[in-house]
Each structure stands twice: as C-alpha cells, then as structure tokens.
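Student: Converting from the sequence shown to this note's numbering requires adding 105 to each position, the first position being numbered 1.
Take this structure, written in structure tokens, and hold onto it; I'll ask about it next.
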Amino acid sequence: MNPASGGPSLTRRALAAVAAAGTVTALAPATPASAATAATGLPVLAVGADWASVLAATPQVQLVPGATYTLSATVELPDGCRIVGNGATVTVTGDTIGALKATGRSNITLTGITFLGRTADPLGSAASFGHVGLRLDRCTNTRVLDCDFTHWRGAGIAVTGSASDDYFAYRSKLRGNTFDRCYFGVSIADRCEYSVLSDNTFTYCRLAIWNSSGNWTINDNSVMGCYGAYYSFARTSPYGSLTSDNWNHGTLSGNTFNHSNGGAKALWSANAAFPVGGSALDPGSGIVVNGLLPPTFTGNTLWYTDIRATDLAGTGWLLSGCTLSNLTVTCTGTAPVRVVGTQCNGAADAPVFSGRVTDVLAALG
C-alpha cells in the first residue's frame, strides 16, 4: 500500500495481466490525464503528452503498458507524485539528458518503470554525467520500487541532500530495482542520510554503488561483473559537491559482490577514471573505502572482488561473518582492518591479507 496515495501497488505479474487485457486507454496528448483503469485507479499519461502539464494537474498517473516515452528534456516531478510504470519504457533523446528529477519534493513513488538511457550498449565508453535516469535532490519520503535502469552513461539513480535540511527525515527507499551497464548504478552523496538501498541487482556497471553520504542501510543487494563494486570516499564526486560531510558509517550487510576482478562476461574497466576530489581517478576494482568512518560490514559474500581500505577514521574496520574467496584485503593507514569469522572455497582460494589486516580467529584453524 502506498501511504501517499492510499492506492495499491502492482506486482509485475499483475501488470502483465493488465497489458494482456488491454484495459489501459491513453488520453490525447493535449489533455491532462483523466481516464482510469480498474487495476490501479490512476489516470493514464498518454504517449506524447506534455509531462510537466499533466503532472502539474494530476501528479498521480500510470503509463501505458509496453509503451515507450521519449523525453527531449528532463521532467521535474511535483510533490506527491506517483507513477505506476506498468512496464513502460522511459528514454531520452541524447546522452547528455536526464529523464526524471525531483528537487526538494516529498512523497514521491515510482514503480515498474524501465529507464533506458540509450539503445546501444555503452560498456567501456567514457562517462557523461548529465545522462541520469532519476535524480533525487533534497527529497523526503521517496520510493523507487521494481524499476529497471539500463545503459545510463552517468548514473541510474543519483541521490543528494543538504546539511541545512532535516536529513533525519529523508527516508528514501530504493528497493527491488535492476541496474545494467550503467557508468554508476547508484550514487549517494551530500548528506542524503537515513535511507535504504535494498534488494537491488547490479550487472556490468562501471561502478555499482558510490556512497559518500552517512547512515544509509545497504543490504541484500547483488553486484555481479561490476568493475567497481562499492566506493566510499571522503571527497567530492561527480554528483557530490561537499568537501566536508558526515561521511559514510552506515551499514553494508547481506550483500553479494562477485567478479569485480574479472571472470565475468564483460567488465567496464576502460574509461574508468572519473573526478574524485577534483582530480581524475580510477580507484580500481572491487570495494574501496578511503578517508572516512567505514560502514558496518557483516554477512557479505565476496568472490573475486578485492577490498581496499585507506586512512580509515575511527578505531578500525571489522569485517565479520563474511565469505571472502579468491581476493585480496588491503589496508594502509593508522586504523586497521580486522577479519572476524570468514570462509572461502578452499585453502588455495583463501583471501590474501596485505598491510594492516588481521584475521582475529586465524589461530583457531
């Protein structure tokens, strides 16, 4: 149930049934959405309609099942916006254009939309950071559920906040989405705190997750064949402008990170450098945490995906109860990395520890 609208959300199976039944009737582009279907009770946004005009009059709409909506400019979403995608595709006319954006809004819910950045596979190409499926800036109580983000040369989703807001109340939830062949899957930066990234799947991205913001719960995600699995730096980034912030220290638990080092069908390791702290940098493959208080790291599964920690804040970083196989864990700086309770495929596949890394239970055999 969507608390903003009081209307039920649709599962993908239900959406398929709606499409098969042909129950959605789109309105003419010149008129606001006003027809509704029994399946959602929401008006239909017609293909070719002026999104800004329709959403200003009717902020809660559904899309035509299987249709493609092509945008020539980024659409700003209003307060209380709800878009039920019904599996429709939203795309853009060029690689410098974003699709949807919300700035300082509240109570936004997007479900079942396919966000397609471009038709051609961009894997290995240079970044174009204006090319973003969805940007959420200083928004409160947003939900992005069961959407697909494919072929974005900037980011599938970029979330930012502000220290001047009540960031304790941001409450963004990004759940059940897929990110395939995007330069960044998800970027989290600039004090957009106390939010959730859960049950998402990332494949063949240059970087699955950038997180320089504090207090995110990142759990139960699957990251496969992404050159960068998870980066967290106390520095500016393509979507983060703050030079000082309440960096990271959230939770990273129950995730799977596989084959960042290689072994997947493809790897976005070309054109891998992007602005970090004002300079072009390729942090390398795998998980990289640099210059901040690291997240709680427990119950994660890593195969062929290195971990590198540099100049950590706090007392150190505990990696607890994780599968670590065919990879290297490296730490430099004052604060150490401590591994507590791990397993791997076999003795020949055991993790290699370099620098200030200790296996606390190694003596137990």
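Positions of the beta carbon are idealized from the N, C-alpha and C atoms, including for glycine.
Bear in mind the structure is a predicted one, so any value in this text is a computation, not a measurement.
Compare the C-alpha of asparagine 376 against each of Tyr275, Ala232, Gln165, Ser158 and name the closest.
Tutor: It is Ala232.
Student: Among the candidates Thr196, Asp464, Leu469, Asp155, whose CA atom is the shortest distance from the CA of alanine 172?
Tutor: The option with the nearest alpha carbon to alanine 172 is Thr196.
Student: If you draw a straight line from the C-alpha of isoleucine 293 to the C-alpha of alanine 225, how long is it?
Tutor: If I take the Cα positions, the gap works out to 26 angstroms.
Student: In three-state DSSP terms, what is serine 230?
Tutor: Three-state DSSP puts serine 230 in coil, outside helix and strand.
Student: Is it the case that the Cβ atoms of asparagine 324 and phenylalanine 307 are separated by a distance below 9 angstroms?
Tutor: No; because the gap between Cβ atoms is not below 9 angstroms, this pair is not in contact.
Student: Which class does valine 434 belong to by DSSP, given the choice of helix, strand or coil?
Tutor: It is a strand residue.
Student: Give the DSSP-derived three-state secondary structure of valine 465 in the structure shown.
Tutor: Of the three classes helix, strand and coil, the one that applies to valine 465 here is coil, per DSSP.
Student: Measuring alpha carbon to alpha carbon, tell me which of Trp321, Asn363, Leu347 ends up nearest glycine 333.
Tutor: Closest option to glycine 333, Cα to Cα, is Asn363.
Student: Please classify alanine 274: does DSSP put it in a helix, a strand, or coil?
Tutor: The answer is helix: DSSP assigns alanine 274 an H, G or I state.
Student: Which of the three DSSP states, helix, strand or coil, is assigned to tryptophan 408?
Tutor: Tryptophan 408: strand per DSSP, three-state reduction.
Student: In whole angstroms, what is the alpha-carbon distance linking tyrosine 336 and arginine 413?
Tutor: In a straight line, the C-alpha of tyrosine 336 is about 10 angstroms away from that of arginine 413.
Student: Out of Gly446, Ser365, Val434, state which residue places its alpha-carbon closest to the alpha-carbon of isoleucine 330.
Tutor: In the sequence as displayed, the identity of residue 330 is glycine instead of isoleucine. Closest option to glycine 330, Cα to Cα, is Ser365.
Student: Enumerate in chain order the residues of its own chain whose CB-to-CB distance from threonine 208 is below 6 angstroms, with the five nearest sequence positions on each side excluded.
Tutor: Asp242.
Student: What residues in its chain sit with their C-beta under 6 angstroms from that of phenylalanine 458, if we drop five residues either side in the sequence?
Tutor: Closer than 6 angstroms at the Cβ level, and outside the excluded window around phenylalanine 458, lie Val434.
Student: Taking the beta carbon of alanine 161 as the centre, do at least 16 other beta carbons fall within 10 Å, making it buried, or is it exposed?
Tutor: By the 10 Å Cβ count, alanine 161 comes out exposed.
Student: Can you tell me whether phenylalanine 379 is buried or exposed? The criterion is at least 16 other CB atoms within 10 Å of its CB, across all chains shown.
Tutor: Buried: at least 16 other Cβ atoms inside 10 Å.
Student: At a cut of 8 angstroms, does the region 445–465 reach the region 416–436 through at least three beta carbon pairs?
Tutor: Output reads yes: the region 416–436 touches the region 445–465.
Student: Does the beta-carbon of leucine 75 have 16 or more other beta-carbons within 10 angstroms, so that it is buried, or is it exposed?
Tutor: For the chain, the structure presents residues 106 to 470; residue 75 sits outside this window and is missing.
Student: Using the Cβ count rule (16 or more neighbours within 10 Å means buried), how would you classify aspartate 271?
Tutor: Exposed.
Student: Write down the C-beta distance between phenylalanine 402 and tryptophan 373 rounded to the nearest angstrom, noting that I regard them as a contact closer than 8 angstroms.
Tutor: Contact flag wrong, Cβ pair sits at about 24 angstroms.
Student: Output needed for threonine 179: all residues of its chain with C-beta closer than 6 angstroms, excluding positions within five of it in sequence on either side, in chain order.
Tutor: Around threonine 179: Gly203, Lys206.
Student: If you draw a straight line from the alpha carbon of threonine 322 to that of leucine 357, how long is it in whole angstroms?
Tutor: Whole-angstrom Cα-Cα distance: 6 angstroms.
Student: Taking its Cβ as the centre, do 16 or more other Cβ atoms sit within 10 Å of glycine 382, making it buried, or is it exposed?
Tutor: So glycine 382 counts as exposed.
Student: Anyone know if the C-beta pair for arginine 280 and valine 301 falls short of 9 angstroms?
Tutor: Yes, Cβ-Cβ distance for arginine 280 and valine 301 is below 9 angstroms.
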